[in-house]
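Scroll down for the structure; my scribbles are underneath it.
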Amino acid sequence: MTLTYDWIVIGAGAAGLFAAARAADAAGPPSVLVLERGTRAGRKVLISGAGQCNFTHAESVADMVRHYGDKKNFVRHAIGKLDAEALIQYFDALGLPSVVRPDGKVFPASFAAADLVEALLQEAKRRGVRFEFNQFVEKIMPMVEGGYTVACGDQTYRAHKVLLACGGSSYPMTGSDGSGLRLAADLGLETVPQRPALAPVYHNDRALHKLAGVVIPGATFKYRDSEGVRPLTGDLLFTHTGLSGPGILDGSRWMKAGGLLELSFTALDAAAFEQALLDAASAHGTRQLSTVIRGLVLTRSLSELFEGHLGEEACKITMASLSKAMRQQMVKLATAYEVRITAMGALRSAMATAGGVSTREVVGRTMMAKQLPGLYLAGEILDVDGDTGGYNLHWAFASAALAAASGNDTVVK
27 MTLTYDWIVI GAGAAGLFAA ARAADAAGPP SVLVLERGTR AGRKVLISGA GQCNFTHAES
87 VADMVRHYGD KKNFVRHAIG KLDAEALIQY FDALGLPSVV RPDGKVFPAS FAAADLVEAL
147 LQEAKRRGVR FEFNQFVEKI MPMVEGGYTV ACGDQTYRAH KVLLACGGSS YPMTGSDGSG
207 LRLAADLGLE TVPQRPALAP VYHNDRALHK LAGVVIPGAT FKYRDSEGVR PLTGDLLFTH
267 TGLSGPGILD GSRWMKAGGL LELSFTALDA AAFEQALLDA ASAHGTRQLS TVIRGLVLTR
327 SLSELFEGHL GEEACKITMA SLSKAMRQQM VKLATAYEVR ITAMGALRSA MATAGGVSTR
387 EVVGRTMMAK QLPGLYLAGE ILDVDGDTGG YNLHWAFASA ALAAASGNDT VVK
């Protein structure tokens with residue numbers, strides 16, 4: 027006779043581990059089974075934050091939900107139930123103290139992702155969770171009498187409730203290859219095509235490639251495509267092949283090849299920059315254009331970029347002889363420098379995944395599928411992606427905690 031569990035959790039990543047530890051009843055018989063296709067738990071967590079595991083961000087719920095793109099209303103309830111302070115306290119109770127950096131990023135005090143994974147794994151085992159590794163789930167089938175049958179090759183499992191916590195498609199070498207979307211689609215759930223999030227962008231502007239290593243803190247820029255214009259902010263890093271840094275990574279959820287970036291290399295807006303040029307022409311007419319440029323842009327490297335565009339002779343022009351056309355050219359170069367995106371960072375190297383099971387399919391106050399009682403979803407398998415700074419791991423934990431709590435209040439016996 028096949029044992030029927032209260033829960034089957036599919037995936038032993040951040041969301042799966044957290045949900046299993048929260049859903050299990052240590053005083054009763056084994057009630058939670060975790061099925062993991064790989065050989066160990068938390069493989070993607072182990073490489074998060076370069077192995078240091080920035081697992082949340084120390085701020086209020088109101089501030090945190092702003093970091094989930096267009097999904098802030100969907101994530102609000104889950105994060106409200108498990109905010110940063112509550113998550114820090116939970117891990118502290120498991121023997122995993124935290125440190126908060128000045129920028130608000132929160133890490134295990136050991137700065138070791140392995141310690142966080144081990145803390146969750148041991149808590150789950152203490153509470154009687156059963157783990158089965160090397161189990162690739164091929165099909166989930168609703169049962170007439172309620173609950174679900176889960177098929178893994180020749181092995182079949184049964185549960186009153188199932189949590190899909192299979193992750194997204196980024197870093198597929200960790201087992202997070204998007205196969206969970208097929209399970210969801212087979213159950214009739216609408217899915218949004220997955221694409222890279224928290225990914226760099228690539229371009230062919232050789233002049234910008236020469237700036238590799240230069241950082242513009244708190245840059246303001248725009249992304250433009252056929253769908254409109256989106257203003258963005260955040261640190262901007264120039265690389266040998268493109269652009270990265272938190273500003274680009276956070277905005278990448280909206281970007282695609284062929285889109286246009288408009289970069290600003292000055293703290294001034296277009297009108298203020300033009301006025302600064304006019305003021306310099308009036309007060310310092312004998313100064314060369316290159317000298318004035320160096321005082322208006324953010325770094326010396328950027329002034330060299332403009333000099334390369336204008337040419338050496340043009341940069342020697344005095345401010346008094348600067349034409350209107352050249353002044354307007356300078357304004358555009360400094361405040362709306364256009365860069366055409368040739369390619370996005372691939373899913374194999376993206377830090378997170380945009381797309382997944384549509385949030386329209388899920389009740390945000392429970393994480394249960396609207397049309398499939400007893401089926402819950404958590405973490406990156408959903409069409410939710412956060413900014414850099416611990417937001418994606420926090421979402422995994424918060425959505426998993428909400429699913430576990432909601433499911434245990436509505437046990438189908």
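When we follow this note's numbering, the leftmost residue of the sequence shown carries the number 27, and every step to the right adds one.
Every residue, glycine too, gets a C-beta built ideally from N, C-alpha and C.
When the beta-carbon positions are compared, L428 and F81 stay at least 8 Å from each other. When beta bridges are read from the DSSP output, E288 appears opposite K248, E364.
Shortest Cα-Cα distance from Q181 to any of V188, E171, V163 involves V163.
Just so you know, the alpha carbons of S327 and G260 end up roughly 19 Å apart.
V170 counts as exposed, since fewer than 16 other beta carbons sit within 10 angstroms of its beta carbon.
Pairing A283 with M370 gives a Cβ-Cβ distance under 8 Å.
The way I'd put it, the segment 306-320 doesn't touch the segment 269-281; fewer than three beta-carbon pairs between them come closer than 8 Å.
Take the alpha-carbon of S347 and the one of K236: they are about 30 Å apart. The criterion of a C-beta distance shorter than 8 Å is not satisfied by V87 and K98. By the neighbour-count criterion, in which a residue is buried when 16 or more other Cβ atoms sit within 10 angstroms of its Cβ, V357 is buried. Closest option to R256, judged by alpha-carbon separation, among A426, A238, E364, G277: G277.
In this structure, T344 lies near T312, with their beta-carbon atoms less than 8 Å apart. With contacts defined by Cβ atoms closer than 8 Å, A424 and I166 do not form a contacting pair.
The beta carbon of Y363 is closer than 8 Å to those of E288, L289, S290, F291 in its chain, skipping five residues each way along the sequence. S205: member of the alpha helix (DSSP H) spanning 205-212, first to last residue.
Here Y116 is not bridged, per DSSP, to any residue. The beta carbon of A40 sits closer than 6 Å to the beta carbons of V71, L419, A422 from its chain, once the five residues preceding and following it are set aside; these are given in chain order. Secondary structure of S124 (DSSP, three-state): strand. Sequence-distant partners of V58 (beyond 5 residues in either direction) whose C-beta falls short of 6 Å from its own C-beta, in its chain, are W33, A46, A49, A50, V155.
The residue among G390, D109, K342 with its C-alpha nearest the C-alpha of E85 is D109.
Nearest C-alpha to G172 among N160, G206, Y31: Y31. Burial check for A119: the Cβ neighbour count within 10 Å stays below 16, so the residue is exposed.
Every beta strand (DSSP E) of 3 residues or more that sits fully in the segment 368-399 is shown, in chain order, as 378-383.
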